[in-house]
Each structure stands twice: as structure tokens, then as C-alpha cells.
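Peer 1: Residue numbers for the sequence shown follow the numbering used here, beginning at 1 and rising by one.
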Amino acid sequence: MSLRNYLTSKVFFTQLAIAFAIVLLLGFLLLQYISFSTNHGQEITVPSLSKMSVEQAEEKLDDLDLDYVLLDTVDFNADYPKFTIVSQDPLAGSKVKEDRKIYLKINSGGFSSVRVPNLIEQTLRQAEPSLKSIGLEVGKITYKPYLGKDMVLEMKHDGKILKPGDKVLKASKIDLVLGDGKVGFEEEDETDTIE
């Protein structure tokens, strides 16, 4: 039998139909297996774990057949109790599968300490962002006679004079003593005329 006669014969079309049916059956079985093995359609809503302790979060996640991973302890946030959950991924309300890991970040037990930058002879405008960038705040501002207006002359914390490099707790208020800009050429001119 020639190839042309075979390709137009009933036997060829029968075998082609059987092969097509086998491919369809295998595709259907594969889809059913994937749907079963991935728990298709079975989703769990992630609960809000904000401000919970790790133990409370673990109990809640165990009840929902979810797992967790502690990623890190973040800098102390006064809006959250010590050692409680500050953030989670995926977020609360997300739909996930069973045994999904929820990544958690925990609030530290208190403020960490930072070194005070050298702000002496910088203007208030330069000093404020420098303090904020390391987690400190500008506290009380006082003035004393000095040629440079708004120039930092001293840094204080709780009444104690700070030197650059001293350690204070994050979120501390740093009091600044600034120059008032009133000492200047007028007084020098007066002294020149006295001579």
C-alpha cells in the first residue's frame, strides 16, 4: 500500500481518532490531578495579626492551617506594644492556600541608641533634617547672643550638654541653643570709636 492510499484509508483515520481521544483523556486527567494537588478553589483568608504577640499569632495561624516566618525585629514603634507584630506579608484579607507562610516583622522592646551628629555651627535649617534622618527630634530651642543667627551653639538632652558622638535613645528630643544674630558689627564699631 502506498503512503497516499494509507493516508486516505479508514485505518489511518481510525488510528488518528484513537490518538486524539487518548490525548484528550490524558489532558483531562492531568487537569484533575493539578486541581486536586493544588487545592484549587480552597482559599483561606489571611487574618489581621497586627499588635498580636508571636504566641497569639501562632495559635491563630495554626487554627487556619497557615505557617509563619519571623523576618526581623524592626525599630521600636510607640504605636505598637513591645514584641508584637508590626507588619505581615501577605496582608490581612488576602486569599491564600493551606500551609502558606505568612512573613512577620516584630516590634522591638524599646528604642535603640544612636550617636548624636555634629551640629555645632550648623544652621537650624541644616540641623533639623540631620536629627530627623537618624530618628531624633528637635526639642526646646533657646537663644543666646552670638553673631550667627540660628547657628547651633550647643546640644542638650534632659539638661545635659551633648558632645558630637554621644549616644541617646532614638526618638529623643534634642534641645538646641542657637545664636540670636544680635551681636555684630554695631558693637565693634562702637569699640572702634572709643579708641
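For each residue, glycine too, the CB sits at the ideal point set by N, CA and C.
Throw me the rounded Cβ distance for the residue 76 and residue 118 pair, which I believe falls under 8 Å.
Peer 2: Here residue 76 refers to the residue found at position 76 of the sequence shown. Here residue 118 refers to the residue found at position 118 of the sequence shown. Rounded, the Cβ-Cβ distance is 25 Å, inconsistent with contact.
Peer 1: Residue 197 lies in the beta strand (DSSP E); which residues open and close that run?
Peer 2: This structure does not reach residue 197, given that the chain is present from 1 up to 195, and the question cannot be answered.
Peer 1: For residue 107, report the span of its beta strand (DSSP E) as first-last.
Peer 2: Counting from one through the sequence shown, the residue named residue 107 turns up at place 107. Run containing residue 107: 101 to 107, per the beta strand (DSSP E) assignment.
Peer 1: Identify every residue that forms a DSSP beta bridge with residue 174.
Peer 2: Within the sequence shown, the letter at position 174 stands for residue 174. Its beta-bridge partners are 138.
Peer 1: Pull up the distance between the alpha-carbon of residue 33 and that of residue 98, whole angstroms please.
Peer 2: Position 33 of the sequence shown, counted from the first residue, corresponds to residue 33. Position 98 of the sequence shown, counted from the first residue, corresponds to residue 98. Cα to Cα, residue 33 sits roughly 17 Å from residue 98.
Peer 1: Does the distance from the C-beta atom of residue 116 to that of residue 170 stay below 7 Å?
Peer 2: Walking along the sequence shown from the start, residue 116 turns up at place 116. Walking along the sequence shown from the start, residue 170 turns up at place 170. No, Cβ-Cβ distance for residue 116 and residue 170 is not below 7 Å.
Peer 1: Flag this pair as touching only if the stretch 88 to 102 and the stretch 117 to 131 have three or more C-beta atom pairs under 8 Å; answer yes or no.
Peer 2: Verdict: no, contact absent.
Peer 1: If you follow the beta strand (DSSP E) that residue 54 is in, where does it begin and where does it stop?
Peer 2: Numbered from 1 along the sequence shown, position 54 holds the residue referred to as residue 54. That residue, residue 54, is in no beta strand (DSSP E); its alpha helix (DSSP H) goes 54 to 63.
Peer 1: Nearest to residue 82 by CA position, among 137, 91, 70 and 53, is which residue?
Peer 2: Taking the first residue of the sequence shown as position 1, residue 82 is located at position 82. It is 53 whose Cα lies nearest to the Cα of residue 82.
Peer 1: Among all the DSSP beta bridges, which residues are the ones paired with residue 179?
Peer 2: Counted from its first residue, the sequence shown places residue 179 at position 179. For residue 179, which the question treats as bridged, DSSP gives the partners 144.
Peer 1: Distance check for residue 122 and residue 191, CA to CA, integer angstroms please.
Peer 2: Locating residue 191 in the sequence shown gives position 191, where the first residue counts as 1. Locating residue 122 in the sequence shown gives position 122, where the first residue counts as 1. Any reading at residue 191 is ruled out, since the residue's pLDDT is 41, under 50, leaving its predicted position unreliable.
Peer 1: Would the beta-carbon of residue 92 fall within 7 Å of that of residue 46?
Peer 2: As a first step, residue 92 is located in the sequence shown; it is residue number 92 there, counting from the start. As a first step, residue 46 is located in the sequence shown; it is residue number 46 there, counting from the start. Closer than 7 Å, so yes.
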